[in-house]
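Numbering (our numbering), first residue to last: 1 to 99.
Here a beta-carbon is modelled for each residue, glycine too, at the ideal position from N, C-alpha and C.
See structure below.
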């Protein structure tokens, strides 16, 4: 499962200290990381019930991360790209499960 691999890579990479205080998708980057982390963890342990609200939030986050990954700061770009891959994989997996 692609999601499990991305999840392990995200956990191993850790949170870049230089991103403290930054906002992505209207949320402090550290809080956003925790939000996505809990979502992915719940999905992988089959405890996430995807509803329209969660899906909408993930789409919102994915769009904001796409913008952040194209910004000039390499640490932000790499982090946003990695987190965006994780969010995108959750969305793909939940859609496959419904199909």
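According to DSSP, is residue i part of a helix, a strand, or is it coil?
i, result
"residue 37", "helix"
"residue 94", "helix"
"residue 49", "coil"
"residue 71", "coil"
"residue 79", "helix"
Name the DSSP beta bridge partners of residue i, please?
i, result
"residue 102", "There is no way to answer for residue 102, as the model of the chain reaches only from 1 to 99."
If we count the other Cβ atoms within 10 Å of its Cβ and call it buried at 16 or more, is residue i buried or exposed?
i, result
"residue 88", "buried"
"residue 13", "exposed"
"residue 34", "exposed"
"residue 56", "exposed"
"residue 86", "buried"
"residue 90", "buried"
"residue 11", "exposed"
"residue 29", "buried"
"residue 61", "buried"
"residue 64", "buried"
Is residue i near the ligand COA, with its Cβ less than 7 Å from a heavy atom?
i, result
"residue 70", "Within the structure as shown, the ligand COA is missing, as the structure has no ligands at all."
Enumerate in chain order the residues of its own chain whose CB-to-CB distance from residue i is below 6 Å, with the five nearest sequence positions on each side excluded.
i, result
"residue 81", "69"
"residue 7", "40"
Please list, in chain order, all residues of the same chain as residue i whose beta carbon is under 8 Å from its beta carbon, the five residues on each side excluded.
i, result
"residue 4", "44"
Given 8 Å as the limit, is there contact between the segment 43-58 and the segment 15-22, that is, 3 or more CB pairs closer than that? no
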